[in-house]
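Written below as structure tokens is the structure these notes are about.
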Amino acid sequence: MEASAKITKSLRKEDVDKKWWVIDAENTTVGRLATQVAVLLRGKHKPTFTPHIDCGDFVVIINADKVQFQGKRAEQKEYFSHSGYPGAAKFRSFANVMLTKPEFVIEHAVKGMIPKNKLGRQIMKHLKVYASTEHPHSAQQPEMFKIN
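Using my numbering, read the sequence shown as starting at 999 and increasing by one per residue.
As structure tokens, this is what we get:
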């Protein structure tokens, strides 16, 4: 091999440096928040990004109950679930979900932007969403991340 040849460096899971981020979701749009969180979870913001390795960071989202949609989306958005039995389709409105479990809105949006495989399920475990401003992850010394 000659000296001027470029070698692609593939990251190993032992070499990954994971950081902790805190994102305040107050008065942010769900879609814009979810796209940036998905990038952080996946690790695409790092120069050492490797597609088949979990090289992303941990993300803690606070104030999940204060997210919003643009325009009429808040009235039109419905969440669908089905148990597999005939006639067992359930539809829940955005307003109803925000009253019962506001964390689900962000988790659902981010999950749709993560790969649908073993790696995606592993990456989703690094997302922590809380409806209030308190979170139990202060021992990890997370840094604030500003949403654009």
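Note that CB positions come from ideal geometry on N, CA and C, so glycine has one too.
Next item on the list: Tell me the start and end of each unbroken alpha helix (DSSP H) in the segment 1007-1068 that is at least 4 residues and wholly inside, in chain order.
Entry: 1028-1040
Item checked: Residues sharing a beta bridge with His1080, DSSP -> Ala1087
Check: Over what stretch of residues does the beta strand (DSSP E) that includes Lys1126 continue unbroken?
Finding: 1125-1127
Check: In or out: Ile1021 buried (at least 16 other Cβ within 10 Å) or exposed?
Finding: buried
Notebook entry, point to check: Among Met1096, Ser1130, Leu1038, which residue has its Cα nearest to the Cα of Trp1018?
Noted result: Leu1038
Item checked: Counterpart residues of Asp1142 in DSSP-defined beta bridges -> It should be pointed out that residue 1142 corresponds to Met in this sequence rather than to Asp. For Met1142, which the question treats as bridged, DSSP gives the partners Val1020.
Next item on the list: Could you tell me if Tyr1128 is buried or exposed, where buried requires 16 or more neighbouring beta carbons within 10 angstroms of its beta carbon?
Entry: buried
Next item on the list: Compute the Euclidean distance between the alpha carbons of His1050 and Ile1059, then round it to the nearest angstrom.
Entry: 25 Å
Item checked: Residues near Ile1121 by beta carbon distance below 7 Å, same chain, minus five either side -> Leu1039, Arg1040, Asp1052, Gly1054, Ile1112
Notebook entry, point to check: Looking at the structure shown, is Met1111 part of a helix, part of a strand, or coil, going by DSSP?
Noted result: coil
Check: Among Val1057, Asn1025, Lys1116, Asp1015, which has the Cα closest to the Cα of Gln1034?
Finding: Val1057
Check: Between which two residues does the alpha helix (DSSP H) harbouring Glu1073 extend?
Finding: 1071-1074
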